[in-house]
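Taking it in order: structure first as structure tokens, then the write-up.
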Amino acid sequence: MTQSRRRFLALGGATAATALAGCSGILGGGDGGEGGSDGGTDTGVGQISLSDFRGSGPLVEQRDAPGGTSIEELPDLSGELTLYLGGGEGGLYLDLINLLEQLYPDFSANHRLEASSDLANTIIEENEAGASPADVFMSIDAGSLGAVANAGATASLPEEALSTVPEAYQDSEGRWVGIAGRARAIPYNTNQISESDIPSTVQEFPETAALENSMGWAPSYGAFQSFVTAMRLIRGDDETMSWLQAMQDHGITTYDDEFRVSNACADGELTAGFANHYYTLRVQSARDDSPIGLAFTEGDAGALVNVSGLEIIDGTDNADLASNFVRHVLSAEAQEFFATRTFAYPMIPGVAPVGDLPRIDELNPPDIDLTELADVAGTVDLLRDAGVL
-8 MTQSRRRFLA LGGATAATAL AGCSGILGGG DGGEGGSDGG TDTGVGQISL
42 SDFRGSGPLV EQRDAPGGTS IEELPDLSGE LTLYLGGGEG GLYLDLINLL
92 EQLYPDFSAN HRLEASSDLA NTIIEENEAG ASPADVFMSI DAGSLGAVAN
142 AGATASLPEE ALSTVPEAYQ DSEGRWVGIA GRARAIPYNT NQISESDIPS
192 TVQEFPETAA LENSMGWAPS YGAFQSFVTA MRLIRGDDET MSWLQAMQDH
242 GITTYDDEFR VSNACADGEL TAGFANHYYT LRVQSARDDS PIGLAFTEGD
292 AGALVNVSGL EIIDGTDNAD LASNFVRHVL SAEAQEFFAT RTFAYPMIPG
342 VAPVGDLPRI DELNPPDIDL TELADVAGTV DLLRDAGVL
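Under this note's numbering, the letters of the sequence shown match residues -8 to 380, in that order.
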């Protein structure tokens, strides 16, 4: 361990030694604190506290120390990394990148932030023309990662990273790996219905009288389109088309995004809706005692668990740095960041999800290869044919 790393670990002040005792991660079991007398300001390391990796608020109170490989156990990040960062959550992920840059003064990540599908197409085109300038592609959805992998534009990932993540959340050939999960779920207004009123499969929703003319969805949203893509894989285009039409006949309201769907449930404007799980948690975190609950379907497209993930781009001149970066993003501290700052599902078993969420291995997602979610174009065509878009 370098001297600068040792000084960073001292930034927690006098309580750091107690917080670190008996645990492997720099977060320890406490909240951390501001820098003490041995804060190491002459090393160039930013004055960040141990708690900066962990979020705050009632959903993350009294958490145990995260398990898994700690950043302390990994080689220092050093050098310049070119990162293509895709998706609407990219701004949140940049906060993690900034923390790593503060921790490692010799490391910088030059990023390009655009829609995941656009960046996937860019990487494929750059690879066909010779080589992409990107070292790493971090995408909010497995479909975009799969498109790049299927085009032969990825390099091998380190086994040390792959071995920490369940097989369901990585490519079967080790070309990409999940870093944060998001489960499809049903936000609902607890003043209007109870969890027992929510059907166990999405196929039953058009037949549920309690939900008639009182549900919402966001069909232009990428997460919804991945859900419909999963339904196409499981049930075929014809049955998926029938379900879309049945939901419209049942009376469903369209919103621009799933956070608005979730807020509308809390407001009583909707009885229930379709959204990623973490939007309900964000509503609960921002609005005390909001009447919103969260239900999960079982074994069908409505129970899809998609992932944000990483892949190393073929032809990179920074293979060692890229591999080390992937391992850092799957460290105990980074996974705690995803769990408590973005309310995503962590990908390593040693880090628990926030609040009362079931653990990811307690969910019942459909048995599909997430790489196959790459066929979003076919889904968009189907949504248009159904009059949804």
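Cβ coordinates follow ideal geometry from the N, Cα and C atoms, glycine included.
- Reducing DSSP to helix, strand and coil, say where Met338 ends up. As a first step, residue 338 must be located in the sequence shown, where it is residue number 347. Coil, per DSSP.
- Write down every uninterrupted run of the beta strand (DSSP E) in the stretch 266 to 326 whose length is 3 residues or greater and which is fully enclosed by it, in chain order. Note on the stretch 266 to 326: whole beta strand (DSSP E) runs with a minimum of 3 residues are 283 to 286, 296 to 303, in chain order.
- Separation of Asp305 from Ile243, as counted between CA atoms: As a first step, residue 243 is located in the sequence shown; it is residue number 252 there, counting from the start. As a first step, residue 305 is located in the sequence shown; it is residue number 314 there, counting from the start. Rounded to whole angstroms, Ile243 to Asp305 spans 44 Å at the Cα level.
- Between which two residues does the beta strand (DSSP E) carrying Gly169 extend? On the sequence shown, residue 169 is found 178 positions in, with the first residue counted as 1. Residue range 168 to 180 is occupied by the beta strand (DSSP E) that includes Gly169.
- Message: Does Leu364 pass the burial test, meaning 16 or more other C-beta atoms within 10 Å, or should it be called exposed?
- Response: What you label residue 364 is simply residue 373 of the sequence shown in a count that begins at 1. By the neighbour-count rule (16 or more Cβ atoms within 10 Å), Leu364 is buried.
- Query: DSSP state of Thr262, grouped into three classes?
  - Reply: The residue labelled residue 262 in the question sits at position 271 within the sequence shown. In the structure shown, Thr262 adopts coil according to DSSP, grouped into three states.
- Nonlocal neighbours in the same chain, by C-beta distance under 6 Å from Val379, ignoring five residues either side: For this step, residue 379 is matched to residue 388 along the sequence shown. Within the same chain, Val379 has close Cβ partners Pro210, Leu235.
- May I have the straight-line CA-CA distance separating Ile339 from Gly165, to the nearest angstrom? As a working note, residue 339 is residue 348 in the sequence shown. As a working note, residue 165 is residue 174 in the sequence shown. Ile339 and Gly165 have their C-alpha atoms roughly 16 Å apart.
- Query: Is the stretch 59 to 72 touching the stretch 96 to 106 in the sense that three or more CB pairs, one from each, lie closer than 8 Å?
  - Reply: With three or more CB-CB distances shorter than 8 Å, the stretch 96 to 106 counts as touching the stretch 59 to 72.
- Tell me where the beta strand (DSSP E) around Gly213 begins and ends. To locate residue 213, count along the sequence shown from 1; it is residue 222. Gly213 -> not in any beta strand (DSSP E); alpha helix (DSSP H) instead, spanning 213 to 241.
- Query: Should Gln161 be labelled buried (16 or more other beta-carbon atoms within 10 Å of its own) or exposed?
  - Reply: Counted from its first residue, the sequence shown places residue 161 at position 170. By the 10 Å Cβ count, Gln161 comes out buried.
- Task: Using three-state DSSP, classify Gly207 as helix, strand or coil.
- Result: By 1-based counting over the sequence shown, the position of residue 207 is 216. Reduced to three states, the DSSP call for Gly207 is strand.
- Comparing alpha-carbon positions, which option in Asp109, Ser217, Ser147, Arg103 lies nearest Ala174? As a position in the sequence shown, residue 174 is number 183, starting the count at 1. The residue among Asp109, Ser217, Ser147, Arg103 with its C-alpha nearest the C-alpha of Ala174 is Ser217.
- Message: Could you compute how far the alpha carbon of Ser163 sits from the alpha carbon of Asp360?
- Response: For the purposes of this step, residue 163 is taken as the residue at position 172 of the sequence shown. For the purposes of this step, residue 360 is taken as the residue at position 369 of the sequence shown. Just so you know, the alpha carbons of Ser163 and Asp360 end up roughly 8 Å apart.
- Would you check if there are 3 or more beta carbon pairs closer than 8 Å linking the stretch 258 to 268 to the stretch 181 to 190? These segments touch.
- Query: Between which two residues does the alpha helix (DSSP H) carrying Thr113 extend?
  - Reply: What you label residue 113 is simply residue 122 of the sequence shown in a count that begins at 1. Segment 107 to 120, the alpha helix (DSSP H) holding Thr113.
- Considering only residues of the same chain and omitting the five flanking positions on each side of Phe215, which have a CB-CB separation below 8 Å? Here residue 215 refers to the residue found at position 224 when the sequence shown is read from its first residue. Once the five neighbours on either side are set aside, the close Cβ partners of Phe215 are Trp208, Ala209, Glu249, Phe265.
- Query: Which term fits Gly16, buried or exposed, when burial requires 16 or more other beta carbons within 10 angstroms of its beta carbon?
  - Reply: For this step, residue 16 is matched to residue 25 along the sequence shown. Because Gly16 sits at a pLDDT of 42, beneath the cut-off of 50, its placement in the model cannot be relied upon, and the following sentence gives the value as read from the coordinates. Flag for Gly16 reads buried.
- Item | Bounding residues of the alpha helix (DSSP H) (the contiguous stretch that carries Leu74) | For this step, residue 74 is matched to residue 83 along the sequence shown. Here Leu74 belongs to no alpha helix (DSSP H); instead the beta strand (DSSP E) covers 70 to 77.
- Task: Give a yes or no on whether the C-beta atoms belonging to Met222 and Ala292 are separated by under 9 Å.
- Result: The residue given as residue 222 occupies position 231 in the sequence shown. The residue given as residue 292 occupies position 301 in the sequence shown. Yes, the pair counts as a contact, with Cβ atoms nearer than the cut-off.
- Item | DSSP three-state assignment for Gln161, whether helix, strand or coil | What you label residue 161 is simply residue 170 of the sequence shown in a count that begins at 1. Of the three classes helix, strand and coil, the one that applies to Gln161 here is strand, per DSSP.
- Supposed close pair Gly341, Pro149 - CB separation, criterion 8 Å: Within the sequence shown, numbered from 1, the residue matching residue 341 stands at position 350. Within the sequence shown, numbered from 1, the residue matching residue 149 stands at position 158. Their Cβ separation, rounded to whole angstroms, is 18 Å, which puts Gly341 and Pro149 out of contact at 8 Å.
- Nearest-angstrom Cα distance between Tyr246 and Thr307? Locating residue 246 in the sequence shown gives position 255, where the first residue counts as 1. Locating residue 307 in the sequence shown gives position 316, where the first residue counts as 1. Cα to Cα, Tyr246 sits roughly 41 Å from Thr307.
- Inter-residue spacing [alpha-carbon to alpha-carbon] between Glu198 and Pro344: To locate residue 198, count along the sequence shown from 1; it is residue 207. To locate residue 344, count along the sequence shown from 1; it is residue 353. Straight-line Cα distance between these residues: approximately 33 Å.
- Query: What is the rounded straight-line gap between the Cα of Leu83 and the Cα of Ala152?
  - Reply: Translated into the one-based positions of the sequence shown, residue 83 becomes position 92. Translated into the one-based positions of the sequence shown, residue 152 becomes position 161. In this structure, the CA atom of Leu83 is about 22 Å from the CA atom of Ala152.
- Message: Give me the residue from Asn315, Pro157, Leu348, Arg318 with the minimum Cα distance to Thr331.
- Response: Here the question's residue 331 lines up with position 340 in the sequence shown. With distances taken between Cα atoms, Thr331 lies closest to Leu348.
- Query: Hey, how far is the Cα of Met232 from the Cα of Ala310?
  - Reply: Your numbering for residue 232 matches position 241 in the sequence shown. Your numbering for residue 310 matches position 319 in the sequence shown. Here the alpha carbon of Met232 sits roughly 44 Å from the alpha carbon of Ala310.
- Out of Gly172, Ala125, Asp126, Ala294, state which residue places its alpha-carbon closest to the alpha-carbon of Gln194. Here residue 194 refers to the residue found at position 203 of the sequence shown. The shortest C-alpha separation from Gln194 is found at Ala294.
- Pull up the distance between the alpha-carbon of Ser147 and that of Phe287, whole angstroms please. Within the sequence shown, numbered from 1, the residue matching residue 147 stands at position 156. Within the sequence shown, numbered from 1, the residue matching residue 287 stands at position 296. Approximately 34 Å between the Cα atoms of the pair.
- Message: Here's the rule I'm using: 16 or more other beta-carbon atoms within 10 Å means buried, otherwise exposed. How should Asp132 be labelled?
- Response: Here residue 132 refers to the residue found at position 141 of the sequence shown. Classified as buried, Asp132 has 16 or more neighbouring CB atoms from the shown chains inside 10 Å of its CB.
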